[in-house]
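Enquirer: The structure follows.
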DNA sequence: CCCGACACTTGCACGGTAGCAACGATCGGT
DNA sequence: ACCGATCGTTGCTACCGTGCAAGTGTCGGG
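Protein chains in written order, with the numbering used here: chain A, 13 to 156; chain B, 13 to 156.
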C-alpha cells in the first residue's frame, strides 16, 4: 500500500497542522482539547442548546452536560435556561471564555505563521494562498 | 482585538484540518488521539527508546511507559530490550500498528481530498499546491 | 569493584471523557 | 387536563492520561 508523493505531502500538512493545534492547546493551560473544541463550537454558533453542542461534538448529552459543568466552573461558559422553554438550556461563552479561545487561536496562528516563515519565498506565497483558499472552503462546509 | 481576514482564514484552515484529523481519529475505533500520535511518532522514527518517545510527545517517561503498556496490549507496538543496553527499551510498530496508522491516515486523506473537491476549480488547484508546499515545510521542520 | 548516573517501571492519586440507564421537569397536542 | 415526547441532569462504572515519588536494574567511570 504505497502512497503517492502528493498524498504523503498532504498527510504531512495535516500532521503539521495537527501538531500545531495540539501544541497550542496545551500552551493555553488548564483547558483540555475537548474543552477548546466546545468553546470553538459555541463561539461559532454564538449560542446553543446543550443538545446542539452534543450533536456538534458527536457525544451524548450526558457527557456534554458534565463537560459544560466543568466549563461553567472554570468561568468559560454561561448556562442559562432558555427564554422560550424552561427545559432547554442556553449556552454562551463568557468574556473569559472568549479570551481563552482567543489565546488558543493566537497561539495556533503564531505557530502557523512561523511555519510559513520557514518556507522559501515562492513556496511561502503559494502555501499562504492555498491555506486561504482552504480556509474559506472549510468555513463554507462548516459541517460536523 | 480584531483579526484580519487573512488571519481568520488561516485559522479556519487550521480548524478544518483539526476537525478532519479528530474525526478520522475516532473513525479508527478503539485508539485514542494520544495513542495515534504515539504511533505516528514511532512510524516516523522507525524505532525509538521510551525516553525518546516521551520527549517527542512532551510528557514524562512515567506516562509514556503506561501508554506503551496499552499499545502493547492492543498489539500495536512491540517493546523489546535494546541490543546494546539492557536498561533501554526499543519500541517498534507491529504490522497491526502500521495498519492502524494507515487506516487513520487514509481517513484523514480522504476527508482532506473531499474538502478540496468542494472547492471551485481555480481555488482547488491553489489550495492543493499550497498544502503540498506546506507539507514539505512541515516535514522539514519535523520539530517537537 | 563501587558508586553515581541513567532508563525505565510502578504505586499512588487525581481529573477528564465517555456511555447507559434512570430520573425530573417541561412542553405540546389531543 | 392528561400523556407522550423531549431536554437535560445525575448515579454509576470504566477507562485514559498525567505527574510525583519511590523503586529496580543496568551502565560506566574512577
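We put the beta carbon where it would ideally sit given N, CA and C, even for glycine. Since this is a predicted model, take the numbers as computed values, not measurements.
Could you check how far apart the C-beta atoms of residue 55 of chain A and residue 113 of chain A are, in whole angstroms? I think they sit under 8 Å.
Expert: As a first step, residue 55 of chain A is located in the first chain; it is residue number 43 there, counting from the start. As a first step, residue 113 of chain A is located in the first chain; it is residue number 101 there, counting from the start. About 6 Å separates the two Cβ atoms, so the contact holds.
Enquirer: Can you check whether the C-beta of residue 60 of chain B is within less than 8 Å of a C-beta belonging to chain A?
Expert: Taking the second chain and counting its residues from 1, the one referred to as residue 60 of chain B is at position 48. So, not an interface residue.
Enquirer: Going along chain A, which residues have a C-beta under 8 Å from residue 148 of chain B?
Expert: Sequence index remark: in the second chain, residue 148 of chain B carries index 136 (1-based). Under the 8 Å cutoff, chain A gives 21, 24 and 135.
Enquirer: Taking 7 Å as the limit between beta carbons, can you name the residues of its chain near residue 80 of chain A, skipping five residues before and five after?
Expert: On the first chain, position 68 is the one that residue 80 of chain A refers to. Taken in chain order, the residues that qualify are 62, 89, 91 and 103.
Enquirer: At what residues does the beta strand (DSSP E) containing residue 90 of chain A begin and finish?
Expert: Counted from its first residue, the first chain places residue 90 of chain A at position 78. Run containing residue 90 of chain A: 89-93, per the beta strand (DSSP E) assignment.
Enquirer: Report the partner residues of residue 105 of chain B according to the DSSP bridge assignment.
Expert: Here residue 105 of chain B refers to the residue found at position 93 of the second chain. Answer is B:89.
Enquirer: Hey, residue 141 of chain B and residue 138 of chain A: beta-carbon distance below 8 Å or not?
Expert: As a first step, residue 141 of chain B must be located in the second chain, where it is residue number 129. As a first step, residue 138 of chain A must be located in the first chain, where it is residue number 126. Contact flag set, yes.
Enquirer: Just to confirm my understanding: we take residue 77 of chain B, look at its own chain, exclude 5 residues before and 5 after, and list those with CB closer than 8 Å. What are they?
Expert: As a position in the second chain, residue 77 of chain B is number 65, starting the count at 1. The residues are 62.
Enquirer: Exposed or buried, which one is residue 68 of chain B when buried takes at least 16 other CB atoms within 10 Å?
Expert: Indexing the second chain from 1 puts residue 68 of chain B at position 56. Classification of residue 68 of chain B: buried, given that the 10 Å Cβ count is 16 or more.
Enquirer: For the stretch 120-135 of chain B, list every residue whose C-beta sits within 7 Å of some C-beta in chain A, in sequence order.
Expert: Listed by position along the chain: 120, 121, 124, 127, 130, 131 and 135.
Enquirer: With a threshold of 8 Å between beta carbons, is residue 66 of chain A in contact with chain B?
Expert: On the first chain, position 54 is the one that residue 66 of chain A refers to. No, residue 66 of chain A does not count as interfacial toward chain B.
Enquirer: Closer than 8 Å, CB to CB, is residue 81 of chain A near chain B or not?
Expert: Taking the first residue of the first chain as position 1, residue 81 of chain A is located at position 69. Not one chain B Cβ lies under 8 Å of residue 81 of chain A.
Enquirer: I need the DSSP call for residue 146 of chain B, collapsed to helix, strand or coil.
Expert: To locate residue 146 of chain B, count along the second chain from 1; it is residue 134. Looking at residue 146 of chain B - three-state DSSP - the assignment turns out to be helix.
Enquirer: Can you name, in chain order, every residue of its own chain whose Cβ lies under 6 Å from the Cβ of residue 70 of chain B, other than the five neighbours on each side?
Expert: Against the second chain, residue 70 of chain B aligns to sequence position 58. The answer is none, since no qualifying residue turns up.
Enquirer: From the beta carbon of residue 92 of chain A, is the nearest beta carbon of chain B less than 8 Å away?
Expert: In the first chain, counting from the first residue as 1, residue 92 of chain A sits at position 80. Cβ-Cβ to chain B under 8 Å: no for residue 92 of chain A.
Enquirer: Determine whether the Cβ of residue 143 of chain B lies closer than 8 Å to any Cβ atom of chain A.
Expert: Numbered from its first residue, the second chain carries residue 143 of chain B at position 131. At least one chain A Cβ lies under 8 Å of residue 143 of chain B.
Enquirer: Short of 8 Å Cβ to Cβ, which residues in the stretch 23-56 of chain B face chain A?
Expert: Under the 8 Å Cβ criterion, the stretch 23-56 of chain B contributes 23, 24, 25, 26, 27, 28, 29, 30, 31, 32, 33, 34, 35, 38, 45, 49 and 52.
Enquirer: Can you give the beta carbon distance from residue 147 of chain A to residue 22 of chain B, rounded, assuming they're within the 8 Å contact cut?
Expert: As a first step, residue 147 of chain A is located in the first chain; it is residue number 135 there, counting from the start. As a first step, residue 22 of chain B is located in the second chain; it is residue number 10 there, counting from the start. Correct: roughly 6 Å between the Cβ atoms.
Enquirer: Rounded to whole angstroms, what's the CA-CA distance from residue 109 of chain B to residue 57 of chain B? Just pull it up for me.
Expert: In the second chain, the residue the question calls residue 109 of chain B occupies position 97. In the second chain, the residue the question calls residue 57 of chain B occupies position 45. Spanning the two alpha carbons is a distance of roughly 14 Å.
Enquirer: Of all Cβ atoms in chain B, is any one closer than 8 Å to the Cβ of residue 75 of chain A?
Expert: What you label residue 75 of chain A is simply residue 63 of the first chain in a count that begins at 1. Not closer than 8 Å to any Cβ of chain B, the Cβ of residue 75 of chain A fails to qualify, so no.
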